[in-house]
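Here our numbering is used: the first residue of the sequence shown is 3, the next is one more, and so on.
For every residue, glycine included, the Cβ atom is placed at its ideal position computed from N, Cα and C.
Bear in mind that the values here come from a model prediction, so they are computed numbers and not experimental data.
Contents: one structure, followed by commentary.
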Amino acid sequence: MTDTTTDGVLGHRICPLCEAGCGLEIGRRDGRWLIRGDRLDPFSKGFLCPKGTALGALHEDPDRLRSPVIRRGDDPATATWEPVGWDEAFAEIADRLTAVVAAHGREALAVYVGNPNAHSHENAFFLPGLIRSLGTRHVYSASTVDQMPKHVSSGLLFGDPDAIPVPDLDRTDLLLMLGANPLESNGSLCTAPDFPGRLDALRRRGGRLVVVDPRRTRTATIADTHLAIRPGTDAHLLVGLAHVLLRDDLARPGRLAEWCRDLDHLPAAVAPFTPEAVGAVTGLGADAVETLARDLAAAPTAAVYARIGAHTTRFGSLAAWATDVVNVLTGNLDRPGGAMFTLSGHQSRGSGAGRGFTTGRWTGRVGGAPEVRGELPVAHLAEEILVPGPGQVRALFTVAGNPVLSTPDSARLDHALAGLDLMVSVDPWLNETTRRAHVVLPPPGPLARSHYDIGLAGLAVRNIAKWSPALLPHDGPPEWQILARLTAVIGGEAPDDDGRGVAEALVQARAQRVATKLGLDPAEVREAVRGPARSPADELLDLMLRSGAWGDGFGARADGLSLARLEADHHGLDLGPLVPRLPEVLRTTDGRIDLLPAPIRSDLDRLADDLHRDRAGHLVLVGRRHLRSNNSWLHNVPVLVKGRERCTLQVHPDDATRLGLRDGGRALVRSAVGQLDTPVEVTDEIRPGVVSLPHGWGHDLPGVRLRVAGERPGVNSNVLTDPGSIDPLSGTAELNGIPVEVEAVP
Ligand code: SF4
């Protein structure tokens, strides 16, 4: 590690700011950061975006907390934050926690984990233990405002919620993309550095890109075809495509047929979704539906890929399911050029069958929603805090999350947080959520931690293995230790427990499992991953790497993968293109793809009813992405927020004329749950009848300590989102397609 006073190259670092995980070369000259793409990274090959260049500024953000703080005072506007030592912070937590548990039991405890946890292998390893230690069913995360529908569909189809097929971008002939804008987002559930370059290459080799989106996004502008769909109807379209493929005998599942259950029941299940019905509800017309289905059937290879605009709707799980059904019907699931399963460095091959996937092992106390992957819908968190009775949430732990900006009916959640007996946040900033905490525990900055993308490398469009070291010294305990200490304290250990016992138990337990799998001695396996300066998180990673599909098996394969090999080459390893993985990737009980699982079968009736819902006259709200933003947490970096106002309400000119709105004027937007006053941007980029606001803004709440963000706060779109409108299979909130009324503000 090097300190920042030294000019020169500090080293190489995987960018932790989005799913692309670009390799960066980071240096200093004359006291300034020099960050550029690592041309020797075999996956990103020198690509980076403006966010990556801001990593140094993010690390040095003067508003980033360097020590724990305890809030003194109840009103965020007047409260003060007292910097304290780590022992004092944990003592405060222990005192308050003891009182809450004594008075209300462990079911009064809750946890919320935010999106940045997906970018940290430390958190991936240490959060499950923390959650278990709470002993509560109140587990919430950003997944239920994001990708949970895909977990549900993969769980139901393949038996494994993490077996998510990704489009084989580099080889496909036709890419159908719904509700995704990777030229702004850089990809989601599809790890692909230089997504723009990959799409460009697709078109240069004669392939086609079809984008389905209510907005003419940057991605849509480079597409061969842009279909401006009515928001919230992606599931209808996808099921309609399946209908045409089956009706016209265009389905060619090929080798997939032998692994599929209920293929013969699909035609009846999708019968109501005729091109005429689907064309009307989507606003695309029957011809477009027919043409798209025939194009998919005729393409040598094709991949259907749907993301947040399709998933964060009332039919998100159906959209996710139908995406892969169409890939099956065209024979494109699990074949080069289609939608494939990644097998990156830390992953293991499966056995071809397993325990399957179920949801609803318990239900939410207030909303009655079924548990999914051990979680309840975050849309219901406010009510779980506010509604009295047994199991009412009295204490909340948040880790790297800002639900006051990123989850529905934000104003009510903010109000609910104010009444908690204990709130602890592991977070580097005093933001809209953490300003309500009693104690905030800051993790080190992004350049002071090693990095491996456990979750996201498993969604890459090539098989990869990339690890990077911490480039700067910690300015506090590492995050694994903060989480381990919290786990210990929640488990009843003394507040000065340093968490190392929790960490060692975790490493030993995993070493035991690995030893059992490989027929080795557990103590020797444990010792083999120990390193003089290695963190427990890196030891756990080494266990995964060495016992995984590419691993050295602790000496069994001389050229196999280990952390030592990645430590020797910070540019990372390319393990080759994706390869077919069926049937070993399946974990259904019978080792087959369950094409028509019972929850989907019954939810299709709800979708069929929705074909006939009267939509006339309603404006609907959708979100949007920007390349310089990532949810709520990059708005305090000057270089990422400069330029013209980005938090605007986009309105089509026809709607603007009808409503008396003008470009640069203001509008009042009302939904069933809230209202806000926002600047107007009139643009024909958006479909008539649709308005758009980006999410993650609204930094002007009292007590927020984000000086740059506070200068251009924007408005919080989640003031408008309705916690009562969720996808029932996944508990995911409807963030796209919200009915609103808009009027001009004089
Ligand atoms: S595309 Fe993503 S990973 Fe790459 S530099 Fe930008 S923010 Fe970082």
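(request) In the DSSP assignment, find the unbroken beta strand (DSSP E) run with Arg-464 in it and report its ends. (result) 464 to 467
(message) Can you tell me whether Ser-604 is buried or exposed? The criterion is at least 16 other CB atoms within 10 Å of its CB, across all chains shown.
(response) exposed
(message) Determine whether the beta carbon atoms of Ala-225 and Val-213 lie at a separation below 9 Å.
(response) yes
(request) Mind checking which residues open and close the alpha helix (DSSP H) that includes Leu-547? (result) 538 to 549
(request) Enumerate in chain order the residues of its own chain whose CB-to-CB distance from Thr-315 is below 6 Å, with the five nearest sequence positions on each side excluded. (result) Gly-234, Glu-736, Asn-738 and Gly-739
(request) Spatial neighbours of Leu-248 within its chain, please: CB distance less than 8 Å, with the 5 preceding and 5 following residues excluded, ordered by chain position. (result) In its chain, beyond the 5 residues on either side, Leu-268, Pro-269, Val-272 and Leu-331 have a beta carbon closer than 8 Å to the beta carbon of Leu-248.
(request) Pull every residue with its beta-carbon under 6 Å away from any heavy atom of the ligand SF4, and keep them in chain order. (result) Cys-17, Leu-19, Cys-20, Ala-22, Gly-23, Cys-24, Leu-50, Cys-51, Lys-53, Gly-54, Asn-188 and Pro-195
(request) Would you decide whether Asp-148 is buried or exposed? Buried here means 16 or more other CB atoms lie within 10 Å of its CB. (result) buried
(request) Tell me the start and end of each unbroken beta strand (DSSP E) in the stretch 281 to 340 that is at least 3 residues and wholly inside, in chain order. (result) 304 to 308
(request) Assess, as a yes-or-no matter, whether the stretch 317 to 325 is touched by the stretch 152 to 166 under the definition of 3 or more beta carbon pairs within less than 8 Å. (result) yes
(request) Output the boundary residues of the alpha helix (DSSP H) element that contains Leu-651. (result) Where Leu-651 is concerned, there is no enclosing alpha helix (DSSP H), although the beta strand (DSSP E) it sits in stretches over 651 to 653.
(request) Pair every Cβ in the stretch 359 to 376 with every Cβ in the stretch 489 to 496, then say whether three or more of these pairs are closer than 8 Å. (result) no
(request) List the endpoints of the continuous beta strand (DSSP E) containing His-228. (result) 227 to 229
(message) Tell me the residue span of the beta strand (DSSP E) that contains Trp-83.
(response) 82 to 85
(request) Report the three-state DSSP secondary structure of Pro-475 (helix, strand or coil). (result) coil
(request) Taking only the alpha-carbon atoms, compute the straight-line gap between Glu-683 and Leu-663 and give it to the nearest angstrom. (result) 9 Å
(message) Since Arg-589 and Gly-352 should fall inside the 8 Å C-beta cutoff, what is the C-beta to C-beta distance between them, to a whole number of angstroms?
(response) 6 Å
(request) Grab the span of the beta strand (DSSP E) containing His-620 for me, first residue to last. (result) Segment: none, His-620 is in no beta strand (DSSP E) and carries neither H nor E.
(message) Can you tell me whether Asp-611 is buried or exposed? The criterion is at least 16 other CB atoms within 10 Å of its CB, across all chains shown.
(response) exposed
(request) Compare the Cα-Cα distances from Ile-595 to each of Val-527, Pro-163, Gln-349 and Gly-181 and report the closest residue. (result) Pro-163
(request) Have a look at Ser-408 and Val-587 and give me their C-alpha separation to the nearest angstrom. (result) 33 Å
(request) Could you name the residues that DSSP lists as bridge partners for Val-694? (result) Here residue 694 turns out to be Ser, not Val, going by the sequence shown. Looking at the DSSP assignment, Ser-694 forms a beta bridge with Val-624 and Gln-652.
(request) Could you check the C-alpha separation between Pro-44 and Ala-600 for me, to the nearest Å? (result) 43 Å
(request) Could you pull out every residue in the same chain whose Cβ sits closer than 7 Å to the Cβ of Arg-672, ignoring the five residues on either side in sequence? (result) Counting only Cβ-Cβ distances below 7 Å, and skipping sequence neighbours, we find Val-742 and Glu-743.
(request) Report the three-state DSSP secondary structure of Gly-13 (helix, strand or coil). (result) strand
(request) Could you spell out the range, first to last residue, of the alpha helix (DSSP H) harbouring Pro-274? (result) No alpha helix (DSSP H) holds Pro-274; DSSP gives it neither H nor E.
(message) Looking at Ala-22: is its Cβ nearer than 9 Å to the Cβ of Asp-170?
(response) Cβ atoms of Ala-22 and Asp-170: not closer than 9 Å.
(message) Output needed for Arg-38: all residues of its chain with C-beta closer than 6 Å, excluding positions within five of it in sequence on either side, in chain order.
(response) Answer for Arg-38: Glu-27, listed in chain order.
(message) With a threshold of 8 Å on Cβ separation, who are the neighbours of Val-102 within its own chain once the five nearest residues in sequence on each side are excluded?
(response) Ala-110, Leu-111, Arg-396, Ala-397, Asp-423 and Leu-424
(message) Counting C-beta neighbours from all protein chains within 10 Å, is the total for Glu-84 16 or more, i.e. buried, or is it exposed?
(response) exposed
(message) Taking a contact to mean a Cβ-Cβ separation below 9 Å, would you say Leu-378 touches Val-706 in this structure?
(response) no
(message) Rounded to whole angstroms, what is the Cα-Cα separation between Cys-17 and Gly-391?
(response) 45 Å
(message) Quick check: the stretch 524 to 536 against the stretch 167 to 182, are at least 3 beta-carbon pairs closer than 8 Å?
(response) no
(message) Tell me which residue opens and which closes the alpha helix (DSSP H) that Pro-681 is part of.
(response) First-last for Pro-681: 677 to 684, but that is the beta strand (DSSP E), not the alpha helix (DSSP H).
(request) Ignore the nearest five residues each way along the sequence and tell me which others in Leu-129's own chain have a CB closer than 7 Å to its CB. (result) Contacts found: Val-115, Asn-119, Val-401 and Leu-485.
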